[in-house]
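Its first residue numbered -9, the sequence shown is counted upward by one per residue in the working numbering. Even glycine gets a Cβ: it sits at the ideal position worked out from N, Cα and C. Here is the structure we will look at, set down as structure tokens.
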Amino acid sequence: MKKRIKMQKVISQISRFVFTSVLVVLLLVLAVVEVLVLTNEKKEQSPSQLAVSHSNNVVLANSEGDVAGDMVETQIVGEDARPLIIKRYLEKYKSPLAPYSNLIFELSETYGYEYYWIVAIAQQESNLCKKIPENSHNCWGYGIHKNGTLRFDSYELALRSYAEYLKRQYFDKGLNTPELIMKKYTPSSNGSWAFGVKQFIQQLESGDF
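So this is what it looks like as structure tokens:
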């Protein structure tokens, strides 16, 4: 009787061991099958699906690049490129002021007004110095009246004088728009002077010239 009970215990233990072993083996087989299935799915992925995946990465990279590019472009246009904008504008219209583009920018910065004023008013008054009293270097029509003409020995001297004059006589007195400047600069104008200056300012700001 004791031997029978002992034998039953041994058989029960063996059965449990076999069952556990079989269960472990089955789990391992299932795991291997799952790995194989996933591997086959990746291998069978179509070229178009791969392209979509890569395309998303490219778009993301381009988007990030565009943002960075916009920031850099804004910074360049806002700070570094303004003398170049002036230079290109003056060169386009074959103005004798083209070699002084950096000086125009520096004077505008020194006196605290936008870079386009000196150029836009010169464009309105003298077609950028192409229609001025002979040997005057005066491109802005200031100091020109029936009693005589204000003349300068060079464009550099004219620019330095005019830049200071524009600040002192206009911006310091709150005359800081084409319409307000026109009322003092050329009071007889019917509005065309301000219209022209505004148009030239817009060209310089947009780069559309």
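| Query | Result |
| --- | --- |
| Rounded straight-line distance, which links the Cα of T100 to that of E146 | 15 Å |
| Buried or exposed (CB count within 10 angstroms, at least 16 for buried), S178 | exposed |
| Segment limits, alpha helix (DSSP H) that includes G186 | 182 to 196 |
| Cβ-Cβ separation, P123 to F95 (assumed contact under 8 Å), whole Å | That belief does not hold up - the Cβ atoms of F95 and P123 are roughly 26 Å apart, past 8 Å. |
| Alpha helix (DSSP H) runs wholly inside the segment 74 to 158, at least 4 long, in chain order | 91 to 101, 106 to 116 |
| Beta-carbon contacts of C119 that lie in its chain and below 8 Å, excluding the five residues immediately before and after | S85, P86, L87, A112, H127, C129, Y145 |
| Proximity winner among Y132, K173, D162, T139, relative to N125 (alpha-carbon distances) | T139 |
| Where the alpha helix (DSSP H) through L170 begins and ends | 168 to 175 |
| Alpha-carbon spacing of W107 relative to K136, whole angstroms | 26 Å |
| Best match in S91, D70, Y83, A71 for proximity to K77 [C-alpha to C-alpha] | S91 |
| Beta-carbon spacing of I171, Y155 below 7 Å | no |
| Q192 versus D70, E104, E115, L97, residue with shortest Cα-Cα distance | E104 |
| Top-ranked residue by Cα proximity to S116, from F190, G102, D198 | F190 |
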